[in-house]
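Remarks on the structure that follows.
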Amino acid sequence: MLTVWYKHKKLKYRHKVWQTLSQKYGDILGLQLGTINVVVVSGKDYIKEVSSREVFEGRPDGFFYLMRSFGKKLGLVFADGPYWNKRRRTVLKYLKHYGYGSKAMEAQISEECQALTKLLENSAGRAVCVNKLFNVCIVNVVWRLVAGKRLVIVKYFAENIVLQDSSIHLS
1 MLTVWYKHKK LKYRHKVWQT LSQKYGDILG LQLGTINVVV VSGKDYIKEV SSREVFEGRP
61 DGFFYLMRSF GKKLGLVFAD GPYWNKRRRT VLKYLKHYGY GSKAMEAQIS EECQALTKLL
121 ENSAGRAVCV NKLFNVCIVN VVWRLVAGKR LVIVKYFAEN IVLQDSSIHL S
């Protein structure tokens with residue numbers, strides 16, 4: 001675990017840690033992160049096999065995952081098996097009712113991409129935390145389907161910069 005922690009501190013990104021460890025130990029790694037057993041799979045053939053076999057479809061079911069949902073695997077994120085399939089079908093049915101997969105949604109995605117591109121062009125030469133911006137764009141597409149509204153990326157970006165700046169001064 002310390003090796004993973006040190007590598008993460010050095011490399012900054014988890015995918016780079018897994019890549020480095022897989023180059024040293026092979027394409028299939030068994031690790032224990034705290035009390036959680038983890039298997040890391042690398043390599044095209046292994047990833048394809050894991051992605052296509054039903055035995056690997058399960059979600060985490062540790063104590064804390066189950067505690068949040070009354071001892072059962074509930075919801076969309078932590079459910080699996082028949083319960084998950086039923087919930088997935090229900091969600092897709094309602095999302096399609098609101099325009100999921102339609103030309104209108106395609107136009108909304110295109111609009112979000114244009115807004116993101118414009119924002120990135122305007123912030124050229126400055127450091128930008130893009131993963132937060134991508135999250136806002138993704139939420140905007142879904143939120144517009146459901147509620148008909150969107151977050152203004154520029155406003156979110158400006159607020160986020162202020163929050164990041166103030167958190168730096170506090171630390």
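Per this note's numbering, the sequence shown runs over residues 1 to 171.
Quick reminder that beta carbons are idealized off the backbone N, C-alpha and C, glycines included.
CB of residue i within 8 Å of CB of residue j, strictly
i	j	result
residue 137	residue 116	yes
residue 140	residue 150	yes
residue 27	residue 59	no
residue 95	residue 145	yes
residue 55	residue 41	no
residue 29	residue 22	yes
is_contact[residue i, chain D] using C-beta, thresh 8 Å
i	result
residue 24	Of the chains in the structure shown, none is chain D; there is only one protein chain.
Cβ shell of residue i (< 6 Å), same chain only, five flanking positions each side left out
i	result
residue 38	31
Spatial distance of residue i from residue j (CA atoms)
i	j	result
residue 234	residue 91	Because the chain is modelled from 1 through 171, residue 234 falls outside the range shown and cannot be assessed.
residue 128	residue 118	13 Å
residue 124	residue 134	17 Å
residue 122	residue 61	44 Å
residue 143	residue 132	16 Å
Burial state of residue i, where buried means 16 or more other Cβ atoms lie within 10 Å
i	result
residue 17	buried
Cβ neighbours of residue i in the same chain (closer than 8 Å, five flanking residues each side left out)
i	result
residue 100	92 and 145
residue 8	14 and 17
residue 76	84, 87, 88 and 91
Residues near residue i by beta carbon distance below 7 Å, same chain, minus five either side
i	result
residue 203	No information on residue 203 is available, as it lies outside the stretch 1 to 171 that the chain covers here.
residue 36	62
At least three beta-carbon pairs within less than 8 Å, the segment 99-115 to the segment 66-86:
No, they do not touch.
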